[in-house]
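Below is one structure; the comments refer to it alone.
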Amino acid sequence: MQKLTKRELTILRMITQGYGNEEISEIIFVSIHTVKAHISSIIRKLDAKNRTNAVYIAIKNHLLDE
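135 is the number of the first residue of the sequence shown in the working numbering; add one for each residue after it.
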């Protein structure tokens, strides 16, 4: 499992809070395409099947603990 960047962790936290891609893009002031690219990177780095599985893996491995 590769280490996530600070931005990826921010986006992953927002996904766990139920935010959609468009909401995330508006909140962090980036394009929706950039959000999708970060999510794809998160899924790849965590070897997840999808964004829901990425959240599960992150919680299970305490990646979102502050």
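In this text, a Cβ means the ideal position worked out from N, Cα and C, and glycines have one as well.
Every value quoted in this text rests on a predicted model; they were computed, and no experiment measured them.
Under 8 Å between C-beta atoms of residue i and residue j
i: Ser175; j: Glu142; result: yes
i: Val189; j: Thr150; result: yes
i: Ile166; j: Asn184; result: no
i: Val169; j: Ile158; result: yes
Per-residue DSSP class, three states only, for residue i
i: Leu138; result: coil
i: Lys183; result: coil
i: Leu198; result: coil
Given residue i as reference, the closest of the options once Cα atoms are compared
i: Gln136; options: Thr150, Ala192, Leu180; result: Leu180
Beta-carbon contacts of residue i that lie in its chain and below 8 Å, excluding the five residues immediately before and after
i: Arg147; result: Leu198
Same chain, Cβ closer than 6 Å to residue i, five either side skipped, listed in chain order
i: Ala192; result: Leu146, Leu198
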